[in-house]
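Line by line, the protein sequences give chains H and X.
Take the first sequence: its position 58, counting from 1, is numbered 58 in the numbering used here, and each next residue is one higher.
Take the second sequence: its position 1, counting from 1, is numbered 1001 in the numbering used here, and each next residue is one higher.
For every residue, glycine included, the Cβ atom is placed at its ideal position computed from N, Cα and C.
Below you'll find the structure, written out as structure tokens, and then a few comments.
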Amino acid sequence: MKNLVNFFHQVGKLKEMPRRGWVINDIKNGESIAEHIFRTTLMAWILGNEKKGLNIERILKMALIHDLCEIYAGDATPYDSILPKNGKKRKETMKTWPRFTNAQKLKISRGKYEKEEKGLNKLIEDLPAGIKKEIKNLWLDFEKGLTPEGRFFKQTDKLENFLQALEYWKKYKKPPQGPWWEWAREFFDDPYMLEFIEEMSKEFHKKLKPRI
Amino acid sequence: MDGKVFYVTKEKLQELKKEYEGLVVFERNKTIGQEAPKPFESEDINPEFISFQEDMIFLKLRIEELKNILENYELIKNPPKEKQIFVNLGAKVKIEVSGKKDEFMIVGTLEANPTLGKISNESPVGKALLGHKVGDEIIVSSLMKKTYKIKSIKYEVS
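Below, the structure is given as structure tokens:
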């Protein structure tokens, strides 16, 4: 029982861990990782249900565990390796989507994966064997897109992130919208997600002109 | 399953076939109470395999998914020489966007991994690049217009 108390205690830390993407964009009181998990789970359930043919229970569990590794690994952003310390320069950097060579992409991706896997292993180390394996498998599926559920949820996770970016932009005029749209057109390929994005675009850009 | 066609590279197909065959043998042996065959006990060969062990639900799901892919795939091949001036599936495309250079490989949805530069042919950018040649400038997105200029196209699919 002690191991379970400790596990839930550690997980609770996500309620106070801010999402780094908003911190580097100077969003005050930005959402926590736990808050992101909450809405992502809800979106995964409802959107997954709409899409049909997916195992919703599997998706919901995946949604709940997908960022647990960040308790120890921390939250990473695509800007981390190029982020200037100077505030003005940082603002400039945030105006464009970061581009890397394929070798750099591989290095960044491997580094993130290894750090996060290590973080997850540490967190679930003392859990009962069955649940430990289930969490690890769900995370691997999310990371590698091994099943239709894994591939669908990977896009749902980013969709929630995108929606939050639009909400902050509407409220604070940041983060800059250009990089988000540039990235989204390369990242999403699920027709249902793309339709959802078009609706988000209509909702958030109906009156306001986006500023890059 | 939804009858979707999976476009895969030869490399990916071999990887999927090897995994499918290994998992089927493992599942069969597991059912009759035998241990996993030697090559699949090694974490070096398949790091995920260790995690599949004893999780029969996930094992069955993965086998079912692999079977569906292997029954509904289409191999990504190099187009004939005269058509290699155009972007198609399997093309490695160097582009310039917002003054920055990048490199994509156009792949099917199964292999897509934008973090590694593998862009799905079903994504708006992947779709828009298809059929274009070096020097073309393609505008993507209706709301935030981005221009992708094609700098080079290469095919290295074996």
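Outcome for P84(H) when other beta-carbon atoms lying within 10 angstroms are tallied against a minimum of 16: Around the beta-carbon of P84(H), fewer than 16 other beta-carbon atoms lie within 10 Å, marking it exposed.
Assuming V1180(X) contacts E1103(X) under a Cβ cut-off of 8 angstroms, what Cβ separation, rounded to an integer in Å, is found between them? Because residue 1180(X) is not part of the residues shown, which for chain X are 1001 to 1158, the question remains open.
Note down the Cα distance separating P1124(X) from Q155(H), rounded to an integer number of angstroms. P1124(X) and Q155(H): Cα-Cα distance of roughly 14 angstroms.
Using DSSP's beta-bridge definition, name the partner residues of A1091(X). Per DSSP, Y1155(X).
What is the DSSP secondary structure of S1120(X), counted as helix, strand or coil? In the three-state reduction of the DSSP assignment, S1120(X) falls in the strand class.
Let's test the definition: count the other Cβ atoms within 10 Å of the Cβ of P1039(X) and tell me whether it reaches 16, buried, or not, exposed. Annotation note: pLDDT 43 at P1039(X) (below 50); position unreliable, no value reported.
Give me the subset of the segment 169-183 of chain H whose CB atoms are less than 9 angstroms from a CB atom of chain X, sorted by chain position. For the segment 169-183 of chain H, the beta-carbon criterion of a distance under 9 angstroms to any beta-carbon of chain X is satisfied by Q177, G178, P179, W180, W181, E182 and W183.
Return yes when the Cβ of R185(H) is within less than 8 angstroms of the Cβ of V1140(X), no when it is not. Against a cut-off of 8 angstroms, the Cβ pair of R185(H) and V1140(X) comes out as a contact.
Measuring only between beta-carbons, confirm whether E186(H) sits less than 8 angstroms from chain X. It does: the Cβ of E186(H) has a partner Cβ on chain X nearer than 8 angstroms.
Chain-ordered residues of the segment 96-117 of chain H with a beta carbon less than 9 angstroms from chain X: Per Cβ criterion, the list reads T96, W97, P98, R99, F100, T101, N102, K105, L106, I108, S109 and K112.
F152(H) and D190(H) look like a contact to me (Cβ under 8 angstroms); what is the Cβ gap, rounded to whole Å? At roughly 7 angstroms, the Cβ-Cβ gap stays under 8 angstroms, so F152(H) and D190(H) are in contact.
Who pairs with N1113(X) in a beta bridge, going by DSSP? Partner(s): K1118(X).
Near K112(H), what residues of its chain come up, given a Cβ to Cβ distance below 6 angstroms and the 5 sequence neighbours on each side ignored? Non-local C-beta neighbours of K112(H) in its own chain, meaning closer than 6 angstroms and more than five positions away in sequence, comprise A76, ordered along the chain.
Would a C-beta distance cut-off of 8 angstroms place I1095(X) and K1149(X) closer than the cut-off? Going by C-beta atoms, I1095(X) is nearer than 8 angstroms to K1149(X).
Looking at chain H, is there any beta carbon in it that lies within less than 8 angstroms of the beta carbon of V1125(X)? With 8 angstroms as the cut-off, V1125(X) counts as an interface residue toward chain H.
K118(H) and A44(H): beta carbons closer than 8 angstroms? Not in contact: K118(H) and A44(H) (Cβ atoms no closer than 8 angstroms).
M1105(X) - DSSP class collapsed to helix/strand/coil: Note: M1105(X) maps to strand in three-state DSSP.
Pull up the CB-CB distance for L64(H) and I37(H), whole angstroms please, since I reckon it's below 8 angstroms. A Cβ-Cβ separation of about 7 angstroms places L64(H) in contact with I37(H) under the 8 angstroms criterion.
How is the alpha helix (DSSP H) around I1138(X) delimited, first residue to last? That residue, I1138(X), is in no alpha helix (DSSP H); its beta strand (DSSP E) goes E1137 to V1140.
Taking 8 angstroms as the CB-CB limit, is D80(H) close to chain X? Taking 8 angstroms as the threshold, the shortest C-beta distance from D80(H) to chain X does not fall below it.
Anything in chain H within Cβ reach of G1117(X), meaning under 7 angstroms, just list it in chain order. Simply N102 and K105.
Please state whether DSSP places F162(H) in a helix, a strand or coil. Note: F162(H) maps to helix in three-state DSSP.
D1160(X): contacting residues in chain H (beta-carbon distance under 7 angstroms): The displayed coordinates of chain X run from 1001 to 1158. Any statement about residue 1160(X) would go beyond what the structure contains.
Using Cβ-Cβ distances below 7 angstroms, what residues of the segment 114-144 of chain H are close to chain X? For the segment 114-144 of chain H, the set of positions with a beta-carbon nearer than 7 angstroms to some beta-carbon of chain X reads K133, E134, K136, N137 and L140 in chain order.
Are A34(H) and K61(H) touching if we call contact CB-CB under 8 angstroms? Cβ distance not < 8 angstroms, so A34(H) and K61(H) don't count as in contact.
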